[in-house]
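Enquirer: Before I ask anything, here is the structure I am working with.
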Amino acid sequence: MGTRRPLITLTSDFGTRDPFVGQMKGVILNTNPDVELVDISHEISPHNIREGAVLTGMSYEYFPVRTIHLVVVDPGVGSSRRPIIVATQNHYFVGPDNGVFSMVYRKEKDSLRVIHITSEHYFLKKDSTTFHGRDIFAPVAAWLSKGIPVDHFGVRIDDFMNIHLPEPGMPSRNTIEGEVIYIDRFGNAITNISSDLLNDSVNGGGRLRIVLKGRVVPVKSCYAEVDDKELYCLINSFGFLEFFICRGNAAESFGIRIGDTVGIIKG
Amino acid sequence: MGTRRPLITLTSDFGTRDPFVGQMKGVILNTNPDVELVDISHEISPHNIREGAVLTGMSYEYFPVRTIHLVVVDPGVGSSRRPIIVATQNHYFVGPDNGVFSMVYRKEKDSLRVIHITSEHYFLKKDSTTFHGRDIFAPVAAWLSKGIPVDHFGVRIDDFMNIHLPEPGMPSRNTIEGEVIYIDRFGNAITNISSDLLNDSVNGGGRLRIVLKGRVVPVKSCYAEVDDKELYCLINSFGFLEFFICRGNAAESFGIRIGDTVGIIKG
Amino acid sequence: MGTRRPLITLTSDFGTRDPFVGQMKGVILNTNPDVELVDISHEISPHNIREGAVLTGMSYEYFPVRTIHLVVVDPGVGSSRRPIIVATQNHYFVGPDNGVFSMVYRKEKDSLRVIHITSEHYFLKKDSTTFHGRDIFAPVAAWLSKGIPVDHFGVRIDDFMNIHLPEPGMPSRNTIEGEVIYIDRFGNAITNISSDLLNDSVNGGGRLRIVLKGRVVPVKSCYAEVDDKELYCLINSFGFLEFFICRGNAAESFGIRIGDTVGIIKG
Chain C
95 MGTRRPLITL
105 TSDFGTRDPF
115 VGQMKGVILN
125 TNPDVELVDI
135 SHEISPHNIR
145 EGAVLTGMSY
155 EYFPVRTIHL
165 VVVDPGVGSS
175 RRPIIVATQN
185 HYFVGPDNGV
195 FSMVYRKEKD
205 SLRVIHITSE
215 HYFLKKDSTT
225 FHGRDIFAPV
235 AAWLSKGIPV
245 DHFGVRIDDF
255 MNIHLPEPGM
265 PSRNTIEGEV
275 IYIDRFGNAI
285 TNISSDLLND
295 SVNGGGRLRI
305 VLKGRVVPVK
315 SCYAEVDDKE
325 LYCLINSFGF
335 LEFFICRGNA
345 AESFGIRIGD
355 TVGIIKG
Chain P
95 MGTRRPLITL
105 TSDFGTRDPF
115 VGQMKGVILN
125 TNPDVELVDI
135 SHEISPHNIR
145 EGAVLTGMSY
155 EYFPVRTIHL
165 VVVDPGVGSS
175 RRPIIVATQN
185 HYFVGPDNGV
195 FSMVYRKEKD
205 SLRVIHITSE
215 HYFLKKDSTT
225 FHGRDIFAPV
235 AAWLSKGIPV
245 DHFGVRIDDF
255 MNIHLPEPGM
265 PSRNTIEGEV
275 IYIDRFGNAI
285 TNISSDLLND
295 SVNGGGRLRI
305 VLKGRVVPVK
315 SCYAEVDDKE
325 LYCLINSFGF
335 LEFFICRGNA
345 AESFGIRIGD
355 TVGIIKG
Chain R
95 MGTRRPLITL
105 TSDFGTRDPF
115 VGQMKGVILN
125 TNPDVELVDI
135 SHEISPHNIR
145 EGAVLTGMSY
155 EYFPVRTIHL
165 VVVDPGVGSS
175 RRPIIVATQN
185 HYFVGPDNGV
195 FSMVYRKEKD
205 SLRVIHITSE
215 HYFLKKDSTT
225 FHGRDIFAPV
235 AAWLSKGIPV
245 DHFGVRIDDF
255 MNIHLPEPGM
265 PSRNTIEGEV
275 IYIDRFGNAI
285 TNISSDLLND
295 SVNGGGRLRI
305 VLKGRVVPVK
315 SCYAEVDDKE
325 LYCLINSFGF
335 LEFFICRGNA
345 AESFGIRIGD
355 TVGIIKG
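Spelled out as structure tokens, the structure:
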């Protein structure tokens, strides 16, 4: 991995009170003491694979080339669901084959290799049926960070699990229908409608009305542009449509929830 | 400590909102900038020494040899309770002599040395009576990580404080009685009954019934083996009996609490 | 920055569930893979600049010389508020010019240089109007950690924003009036009354009565000195007057809140 310290990120639904994340880090450092560890989030809602997929998809591209992303949201641990490594042009991912890498699959479809991890000599000796994060994923990530080639860990598969992540649709010629896919700590409601899609819509000219919960919502360019407590939207730092209120919690104030429909009406 | 970066883990009841953990890290890095820091948990319930003892006992063995474990759950700070270093065959521990290392004492009784820290020149100059985590334990851990021998920090003691951690008993020839000692983020209820103890019980043949809250609970081998919402148990990744429900919170659904009695009835 | 690994601390109101902190770390490590990252707190109350100022002021001095402190509490992101670097004798700070460094200004007034960051070639290419933590502050901190001189990032300013942090007053000759400025996880209520101020007050002899919520509160020297559930106070590890109860939550038990008046009456 060159002379730079190798980098492993950790994402899970383990929380930060229990010792599980610490144990995974201990196992990793036991195999590769030179690795740099960065937490992305351990507060994925318990067993929420889709939330893990969204958070992973929002984050990995900001990390250096050859970063290894360990993602453990694993309600099926111990069952027949497979442990996998996902290799893309610039990144590696290690975790369960349950769809938690679905946003990576969508973004990186041209450079994707998925390996079913079968080489048990890379596993922790004390292999359990309830904590593959510690016993399989952490040691595999550590060995990968030491430069073991991806192919050594198992066999390539093509039937990996891809979960449905909501995509915007066009129910009529002048309408785009998307939805809220994430609500952040500030109560901002992030949708799956990209700025590209909005730009395409206005290419033919005309105006757009953005509708959420029966309300037409004005578009602004940054949070600080308004100072009342009405609902507004903007293109956020990921390039997606997001609803907010000024220095307040939009989701709470307007009862916005994940899955709420967002309409874009042209003309 | 060789050429590998020395490693210090941190466990406390300080939470992650207040600046206390950050300050301890600053003090450590001021003395030894080459150290690697890993958080285990800072969400021990305030002043809960027993919880700190359980979490520490569950975690330290996963870390590399010569790791230094800094544990600060310290309701008696400023009183006459002593600051100590615990040295075992493979690990070091730094913290208050209030029982927070009791699970380490039990597991490592053959290689135990406990040092009362008295060498004040290793303390932070600004010594306070309310924050020994920052002023005593953090700098001592940092100096220890630089290779200062354990003996230089003080004098060996044998009367260190060992708190009662519940052990399973045998109230009758065919019954084992243990208890729930930890409930994790998922609502899984971890007991103090080890797989070794269960295996010994069935050695003479016969069946075991596992009873919690008046209910006989079936044994499974992994969380994913069931898909209803009944209560089940399994041997967890630490080798202990644990109660769970499928993709749900067993502790909440069945009102399980720390200290609840678990019965194993033979025959 | 010498041969030691450069150090960047991170403080924000981003919480630890969302991927924002992880993204900032990815951006930093992309520019400077050799940097050491330490979290101070990401649980500043959303948009609470004053809380960010207090936490930053309580923490930075414990870190090594030349540490870079990245602080992002930034409700005005995207508006005309400027991004700044604050350089003091021993530390660097990077963040928004909204007063979040006010306690630093007060403590370091003799060695203060404040730079308005204008050199956009140090910014992340994908510059957004809603996440300057990732797009401006993180990359600037990373370049600073690589040894780019402060002057290269922009122009010096003197009209930086300084918010009012409450200072104790003397409403009459024998009275000091201060207030509660922070409540920690344990429910201890930290005031803005320093031990120096208290010592000055008793220099002429006489006794002091400390009054909170109509109650005269006895002074102790450490938490463990008492064992009942009355309200007490002490000089804490930062050298400030603090209210506490023995192994309990003083703020909850006595209804203490930030901003509550604390009176010191002499004689």
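Protein chains in written order, with the working numbering: chain C, 95 to 361; chain P, 95 to 361; chain R, 95 to 361. We put the beta carbon where it would ideally sit given N, CA and C, even for glycine. Quick caveat: nothing in here was measured; it's all calculated off a predicted structure.
Write down every uninterrupted run of the beta strand (DSSP E) in the stretch 208-291 of chain R whose length is 3 residues or greater and which is fully enclosed by it, in chain order.
Expert: For the stretch 208-291 of chain R, whole beta strand (DSSP E) runs of length 3 or above, ordered along the chain, are 248-251, 263-266, 269-277 and 283-288.
Enquirer: Could you tell me which residues DSSP pairs with Phe348/C in its beta bridges?
Expert: Paired residue(s): none; Phe348/C is not in a bridge.
Enquirer: Using 8 Å as the Cβ pair cut-off and three pairs as the minimum, do the stretch 267-280 of chain R and the stretch 320-329 of chain R touch?
Expert: no
Enquirer: From Asn385/R to Ser213/R, what does the alpha carbon distance come to, in whole angstroms?
Expert: With chain R covering only 95 through 361, there is no way to say anything about residue 385/R.
Enquirer: Does any residue of chain P have a CB that is nearer than 8 Å to the CB of Asp322/R?
Expert: no
Enquirer: Keeping to the same chain, check which residues put their C-beta closer than 6 Å to that of Pro100/P; ignore five residues upstream and five downstream.
Expert: Excluding residues within five positions, the ones whose Cβ falls inside 6 Å are Val129 and Ser239.
Enquirer: Would the beta-carbon of Thr161/R fall within 8 Å of that of Met197/R?
Expert: No; because the gap between Cβ atoms is not below 8 Å, this pair is not in contact.
Enquirer: Identify the residues that DSSP records as bridge partners of Val171/R: which are they?
Expert: None, per the DSSP bridge assignment.
Enquirer: Let me check understanding here. Comparing Cα to Cα, which of Ile179/P, Ser289/P and Gly300/P lies closest to Asp252/P?
Expert: Ile179/P
Enquirer: What does Thr110/R reach in chain P if we use C-beta pairs closer than 8 Å?
Expert: Thr110
Enquirer: Could you tell me whether any Cβ in chain C is nearer than 8 Å to the Cβ of Arg267/R?
Expert: no
Enquirer: Quick one: which chain R residues come within Cβ less than 9 Å of Arg228/P?
Expert: Tyr156 and Ser331
Enquirer: Just to make sure I have the definition right: I need the residues of chain C whose C-beta is within less than 7 Å of the C-beta of Thr223/R. Which are they?
Expert: Ser315 and Cys316
Enquirer: Would Val171/P count as contacting chain R if we go by Cβ distances under 8 Å?
Expert: yes
Enquirer: Do Thr285/R and Glu202/R have their C-beta atoms within less than 8 Å of each other?
Expert: No, the pair does not count as a contact, with Cβ atoms beyond the cut-off.
Enquirer: Hey, could you find the ends of the beta strand (DSSP E) Ile102/R is sitting in?
Expert: Leu101 to Ser106
Enquirer: Give the residues of chain C in contact with Met118/P, contact being defined as C-beta atoms less than 8 Å apart.
Expert: Those within 8 Å of Met118/P in chain C number zero; the least Cβ separation is about 16 Å.
Enquirer: To the nearest angstrom, report how far apart Tyr154/C and His163/C are at their CA atoms.
Expert: 7 Å
Enquirer: Find the nearest neighbour of Ile209/C within the set Phe195/C, Leu218/C, Lys219/C and Arg200/C, judged by alpha-carbon distance.
Expert: Phe195/C
Enquirer: Which term fits Met264/R, buried or exposed, when burial requires 16 or more other beta carbons within 10 angstroms of its beta carbon?
Expert: exposed
Enquirer: Does DSSP classify Glu324/P as helix, strand or coil?
Expert: Coil.
Enquirer: Looking at the strands, I want to know which residues DSSP matches up with Ser80/P.
Expert: This structure gives no information on residue 80/P, because the portion of chain P shown stretches from 95 to 361.
Enquirer: Going by alpha carbons, who is nearest to Leu306/R out of Ala318/R, Leu218/R and Ile270/R?
Expert: Ile270/R
Enquirer: How big is the Cα-Cα spacing for Leu131/R and Val115/R?
Expert: 11 Å
Enquirer: I need the DSSP call for Arg176/R, collapsed to helix, strand or coil.
Expert: coil
Enquirer: Answer with yes or no whether the minimum CB distance from Phe334/R to chain P is below 8 Å.
Expert: no
Enquirer: In chain C, what lies closer than 9 Å to Val121/R by C-beta?
Expert: Tyr156 and Phe157
Enquirer: I'd like to know if Pro113/P contacts chain C, where contact means its C-beta is closer than 8 Å to some C-beta of that chain.
Expert: no
Enquirer: Would you call Asn192/P buried or exposed, if buried means 16 or more other Cβ atoms sit within 10 Å of its Cβ?
Expert: When all chains shown are included, Asn192/P counts as buried.
Enquirer: Within the 8 Å Cβ cut-off, does Thr182/P reach chain C?
Expert: Not one beta carbon of chain C lies nearer than 8 Å to the beta carbon of Thr182/P.
Enquirer: Beta carbon of Ile287/R, beta carbon of Ile358/R: below 8 Å?
Expert: yes
Enquirer: Suppose contacts are defined by Cβ-Cβ distances below 8 Å. Is Tyr199/R in contact with Asn142/R by that definition?
Expert: no
Enquirer: Of all Cβ atoms in chain P, is any one closer than 8 Å to the Cβ of His210/C?
Expert: Answer no: the Cβ-Cβ gap between His210/C and chain P never drops below 8 Å.
Enquirer: When you check each C-beta in the stretch 251-278 of chain C against every C-beta of chain R, which residues fall closer than 9 Å?
Expert: From the stretch 251-278 of chain C, only Tyr276 and Asp278 have a Cβ closer than 9 Å to chain R.
Enquirer: My guess is that Arg207/R and Ala181/R are in contact by the Cβ rule of under 8 Å, so how many angstroms apart are they, rounded?
Expert: 4 Å
Enquirer: Check the Cβ-Cβ distances between Ile134/P and every residue of chain C, and say whether any is below 8 Å.
Expert: With 8 Å as the cut-off, Ile134/P counts as an interface residue toward chain C.
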